[in-house]
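Student: Just dropping this structure here.
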Amino acid sequence: MNNFIDGNSPVEGENKIIFLSGLFSIVISVIVMIGWHFKINVLIQLNPDFVPMQFNTALGFFMSGLGFATYVFDLKKMRRILAILLFVLSSVTLLQYIVNMSFGIDQLFMNHYLTTLTSHPGRMAPNTALCFMGISLLLLSGSFLRGDKLIVARWIFSLVVLSLSTVALVGYVSGNEYAFGWQKYTRMAIHTSFTFAVLSFSMVLNLVFSKETTKQKWLPLIVSLSCVFCFTLFGQGLKKTEARKFLRTVDSHAELMISKITLELGQDIFAFKRLSQRIIYDRRLNESFWRKDTTEYISDFGFYSDFIFFDPNDNIVWQYREVLGEVLDRENFLENLKIAKKDRNVVIFEPAIQTEEKFFYFLFPLYSSGVYRGASLGVVSTERLFARIANSLNRKDFTFEVFNKTGDSIYKSSPHQSKIKSVKELSLSQVRKEVIEVDIYPSSDYLNIMDNKTPEIIIVSGIILSIFLGVLTYLFQMTTKSRSISLLRLNENLIFNEILSLSNRNDIGLLEKLQSCLASITKVRWLKEIDKVGIYLKADREVGNFVLRNLNESILKTSSFQSFEIDHAIFFEENENGAFSKYYLPIRSKTLYLGTLICYLESGHSENQSEFRYLNTCADIIAALIAAHFHEEDLQIAINESKNAEKAKAAFLANMSHEIRTPLNGIMGMTSLLRESITDTDGLEKLEIIESSSRTLMSIINDILDLSKIDAGKLDIENINFDFHKLINEQSQLYTSITSKKGVSIEHKIAESVPRWIISDSLRIRQIVNNFISNAVKFTERGKISLTVEEYQGRIKISVKDSGIGISELDIEKLFKDFSQVDTSTTRRFGGTGLGLSICRKLATLIGGEITVESIVGEGSIFSLIFPYTMGEEEVTLPVIDTNLTRMADLLPLKILVVDDNIINQKVAGGMLKKIGYQTEFAHHGKEALLLLNKEKFDVILMDCHMPVMDGFKATEEIIRLYGKDRPYIIALSASSMKEDIDHCMEVGMDDFLSKPLQIKPLYDSLMKLKTLSEKGE
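Residues 1373 to 2390 (the numbering used here) are what the sequence shown spells out, left to right.
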């Protein structure tokens, strides 16, 4: 196995590449740091036009090189420290870029004087920081990951660094600046990218030649995605470079056009000045001559719309044509005239009031002998002015659009679709106020000519090449795999002998015994324990194979045999693809379960008992081999984990019981109270449906909890003295009303030889008998149900016979499996969870009894419980008081406080107490109850266990502490009804326990206990 993969140390094979690349990184870093220290620029940036390697980058390479060197000497702690320091340096640098702040680390060790292509002096490039982060995570991965996850991580980090550095190197060669730099930030230096390429390539090379490569199915995908990332990154960088070159070309054309526009506009302004000055200097000038002169100008230039001459008092003297009429805003005119007078030059401005056609005003003040003589105003059509300029430019490859100072478009030479533009501002020496913005766009034809498809071609070609490389990687894996299988088949005996040489004397004996045993099995060829111990043995013939899978992976340490697993697993994977029948044999060491031996035999192979005896022997030998590699503390870990799982399961079931019982308390309680207020038949039938559904749900919850307790071994059997005849009579009468509605009769008979008083677990017997009768009522549509009790071989036999659907002999055993019924149609027709009889059998076993079944399909069934007992003694029973006729409050006047945070629970308890004559007070939590007790005295408290602010347990302890023997009688109320919950209530000092859903009979009986205690004077 490759040592770089498992973190071991010897420098051999591919590991020499790792060591040499680390050494190269150290050398480069030392050279650059010397260059910074002695200001030798050639060591820092190689070429004056290249980016310098920053001092922090050199420091990062020094730490990276040392980290790689630690694999030689297996200095894991040092490697971890270097990786963490490198991660901090790179991540803080990236964070500085993200938040656009400096944390003072860039020039912490060295003041920087070289800033070529550097956005922040001393700060490494963002892609450099990202590469160092990948190197640091690569070095750290061995500390936190194992197996396939470690290999995946190292492949990903290696290929990311290789991609980034390769793109930067190719960028330098091709002149693609965006390939080695991101946006406006510091670029990656050429020797930085080369050093990263060396480091990352050595990592990839090491991984490629490791034996793990043939095993990783995801490797071709990672190779393809990395190459796609590399080509895409380079293509996008090239695209940005080409776009930047194109923008520079557009900008140079724009500069040329602006200079021509400036020249044209300057000539027009000069001509206007010459026309204006002739008004002052030509003595022959009169209005008709002026009009003739202006007519020629309008004809020659074509963009003038009007000319106006103002006298020194700023009044209009002459106006060629009243194009603008009253549109001329005098205030706007005077403001610009003031500017013109000051500069004695032409002022160009837009009219303050806009018309449909866009205009400019050329305003020129007229002076003679230093005396102001008036002003000349030329009204220029913007459209015609710039149309003439566009014609004179005669550019088919570019269009331009002119905007005024408010951003409104005032001229567009032709429609344009390009988003690429060069924005220029036009400002002449004569223009004193207006600044014109000119946006210049390349035409569609020019864009097509200049469009460079090279970046897209590189990306598409790169994707195709990436897929090809992925396929090559897959083919390489398959070739290596085939070679491994061939070598495996040629060297089976050699491998086995090497295993023997690595084993201790006891293991050798067991292995030889196992080999001899396997030789006796004529239908088996391969056996292997894949996960941990790595035993690989040969039998005589190839029909199937054995695989031992250890299900408790955490408790068995990796052995020296692991080096044989990888290649052999390939062969087993191939064998398992055939059609096999599976046989399972448990592997045990004393009472501890270690795993399962899965035997794959060819389909159709007949079972051979002698061979299966050998298989059992193999399982025992393998158990001994595995147990030899276990440590006692590891076994204890497994046991503790199992116990924790059981605790978690118990906690879940307790919580589920509590959450479901709480709303059931409201449903069942309120339906019980409603029964007295509803008198019509229809209403009573609906109420019966609600009560029946609630009881069914309650039964399901109890079944699941009982099953959990039995499986966990926590169901206690309580043998007490009880009236057995009374129990049978009650169970028979319980279903009388239900059977009468179905037209089915129910009768019971107790033999004279059956004693009335016995000692056994009355609760479990009642539960089993109740299930028998309940099933009989459910599956019997007509006829009768008989409950008989008799003595049977010194034990008691209770039988329930029905005339229902019956069960076939083959299906009887299904009845006693968890969550099982005879078929799915039974579930759909009659309902039920399929837990009842399964629980009954387990309960019968717990009380020392058994359950038998006799049945004929279509005629009916007989379910019997046979259990041992001890003779009991007759007890004096209290007279039964009918709760429907007696008001409890008349017998025992009590002041009662109900403490519960749930309003519905309060109403249920209050309604039931009111039914037997009591008025109650309510509190929402323990603290509120203590406040009420401080104000008035209560005889009884119904205390909920789980409440906010102060729960029932804490409240009970406080009441006992404060009031001692004079305290009220406290009855616990809880939706959690497990034995440990009841015991906890009794431990804190509560006097009785009632489970939710609350029912009136148990509540009545609990208060009767208090009456009995008061009569005894206790």
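A virtual CB, placed ideally from N, CA and C, is assigned to each residue, including glycine.
1. Excluding the 5 residues preceding and the 5 following Thr1564 in the sequence, name in chain order all residues of the same chain whose CB lies nearer than 7 Å to its CB.
2. So, using beta-carbon positions, are Leu2345 and Lys2368 closer together than 9 Å?
3. What is the DSSP secondary structure of Ala2295, reduced to helix, strand or coil?
4. Compute the beta-carbon to beta-carbon distance between Pro1684 and Tyr1733, rounded to the nearest angstrom, for a pair I have assumed lies under 8 Å.
5. If you reduce the DSSP assignment to three classes, tell me which class Gln1639 lands in.
6. Can you look up Ala2216 in the DSSP assignment and give me helix, strand or coil?
7. Give every residue of the same chain whose Cβ lies closer than 8 Å to the Cβ of Ala2261, excluding the five residues on either side of it in the sequence, and list them in chain order.
8. Which runs of the alpha helix (DSSP H) fall wholly inside the region 2117-2201 and span at least 4 residues, in chain order?
9. For Asp1780, does the count of other Cβ atoms within 10 angstroms reach 16, so buried, or fall short, so exposed?
10. Kindly indicate which three-state DSSP category Asn1708 falls into: helix, strand or coil?
11. Give every residue of the same chain whose Cβ lies closer than 6 Å to the Cβ of Thr2328, excluding the five residues on either side of it in the sequence, and list them in chain order.
12. Taking three-plus beta-carbon pairs below 8 Å as touching, is the region 1621-1639 in contact with the region 1751-1768?
13. Can you check whether the CB of Leu2045 is closer than 9 Å to the CB of Val2280?
14. Identify the continuous alpha helix (DSSP H) that holds Lys2113 and give its terminal residues.
15. If you compare alpha carbons, which of Phe1568, Pro1787 and Glu1728 is closest to Ser1815?
16. Could you tell me the alpha carbon to alpha carbon distance between Lys1728 and Gly1638, rounded to whole angstroms?
17. How would you write the range of the beta strand (DSSP E) that Ser1677 sits in, first residue to last?
18. If you draw a straight line from the alpha carbon of Ser1515 to that of Thr1567, how long is it in whole angstroms?
19. Here's a check: name, in chain order, each residue in its chain whose Cβ is nearer than 6 Å to the Cβ of Phe2325, leaving out the five neighbours to either side.
20. Please state if the CB of Leu2269 and the CB of Phe2310 are separated by a distance shorter than 9 Å.
21. Distance, Cα to Cα, Lys1730 vs Tyr1653?
22. Measuring alpha carbon to alpha carbon, tell me which residue in His2296, Phe1396 and Gln2105 is nearest Val2321.
23. For Lys2173, which residues from the same chain have a beta carbon less than 6 Å from its beta carbon, with the 5 sequence-adjacent residues on both sides left out?
24. Near Leu1579, what residues of its chain come up, given a Cβ to Cβ distance below 7 Å and the 5 sequence neighbours on each side ignored?
25. Would DSSP call Gln1649 helix, strand or coil?
26. For the region 2139-2155 against the region 2102-2119, do three or more pairs of beta-carbon atoms, one drawn from each stretch, fall closer than 8 Å, so that the two count as touching?
27. Of all the options Asp2364, Leu2385 and Phe1445, which has the alpha carbon lying nearest to the alpha carbon of Leu2375?
28. Classify Thr2053: buried if its beta carbon has 16 or more other beta carbons within 10 angstroms, exposed otherwise.
29. Taking Cβ to Cβ, would you say Ser1574 is nearer than 9 Å to Ile1400?
30. Taking Val1444 as the reference, which of Ser2236, Pro1592, Leu1392 and Ile1507 has the closest Cα?
31. Using only the alpha-carbon positions, how far apart do Met2380 and Pro2265 sit?
32. Between the C-alpha atoms of Ala2216 and Leu2056, what's the straight-line distance to the nearest angstrom?
33. Which term fits Glu1914, buried or exposed, when burial requires 16 or more other beta carbons within 10 angstroms of its beta carbon?
34. Based on the DSSP output, what are the partners of Gln1691 in its beta bridges?
35. Grouping DSSP H, G and I as helix and E and B as strand, with all else coil, what is Tyr2290?
36. Got a sec, what are the start and stop residues for the beta strand (DSSP E) Glu2222 sits in?
Tutor: Answer, in terms of the structure:
1. Spatial neighbours of Thr1564 in its own chain (CB-CB distance under 7 Å, excluding positions within 5 residues in sequence) are listed in chain order as Met1425, Thr1429 and Thr1500.
2. For Leu2345 and Lys2368, yes; Cβs fall inside 9 Å.
3. The three-state reading of DSSP puts Ala2295 in strand, counting E and B together.
4. Their Cβ separation, rounded to whole angstroms, is 19 Å, which puts Pro1684 and Tyr1733 out of contact at 8 Å.
5. Helix, per DSSP.
6. Here Ala2216 sits in helix by DSSP.
7. The answer, listed in chain order, is Ile2288, Gly2289 and Tyr2290.
8. As far as the region 2117-2201 is concerned, its whole alpha helix (DSSP H) runs of at least 4 residues are 2134-2151.
9. With fewer than 16 other Cβ atoms within 10 Å, it is exposed.
10. DSSP places Asn1708 in helix when its eight states are reduced to three.
11. Excluding sequence positions up to five before and after Thr2328, its CB lies within less than 6 Å of the CB of Ile2342, Val2360, Gly2361 and Met2362, all in the same chain and listed in chain order.
12. Yes, since at least three Cβ pairs between the region 1621-1639 and the region 1751-1768 fall closer than 8 Å, the two stretches touch.
13. A contact, by the Cβ cut-off of 9 Å.
14. Thr2108 to Lys2114 is the span of the alpha helix (DSSP H), which, as asked, contains Lys2113.
15. Selected option, being the one with the closest Cα: Pro1787.
16. Lys is not the amino acid found at residue 1728; the sequence shown has Glu there. For Glu1728 and Gly1638, the distance between alpha carbons rounds to 26 Å.
17. The continuous beta strand (DSSP E) containing Ser1677 extends over residues Tyr1676 to Phe1682.
18. Counting only the Cα atoms, Thr1567 lies some 25 Å from Ser1515.
19. Counting only Cβ-Cβ distances below 6 Å, and skipping sequence neighbours, we find Val2360.
20. In this structure, the beta-carbon distance from Phe2310 to Leu2269 falls below 9 Å.
21. C-alpha separation (whole angstroms): 32 Å.
22. For the set His2296, Phe1396 and Gln2105, the Cα lying nearest the Cα of Val2321 is the one of His2296.
23. If we look at Lys2173 and ignore the five residues flanking it on each side, its Cβ neighbours are Ser2158 and Ile2234.
24. Beyond the five residues adjoining it in sequence on each side, Leu1579 comes within less than 7 Å, by CB distance, of Arg1526, Trp1527, Ser1530 and Thr1585 in the same chain, given in chain order.
25. Here Gln1649 carries a helix assignment [DSSP, helix/strand/coil].
26. Contact holds between the region 2139-2155 and the region 2102-2119, because three or more Cβ pairs, one in each stretch, are under 8 Å apart.
27. Answer by Cα proximity: Asp2364.
28. By the beta-carbon neighbour count (other beta carbons within 10 angstroms, threshold 16), Thr2053 is exposed.
29. Contact flag unset, no.
30. Nearest of Ser2236, Pro1592, Leu1392 and Ile1507 to Val1444, Cα basis: Leu1392.
31. Cα-Cα distance, rounded: 12 Å.
32. Distance between Ala2216 and Leu2056, taken at the CA atoms: about 38 Å.
33. For Glu1914, the predicted model reports a pLDDT of 30, less than 50, meaning its position is unreliable and no value from the coordinates is stated.
34. Paired residues: Ile1680.
35. The answer is coil: DSSP assigns Tyr2290 none of H, G, I, E or B.
36. Its beta strand (DSSP E) spans residues Glu2222 to Ile2228.
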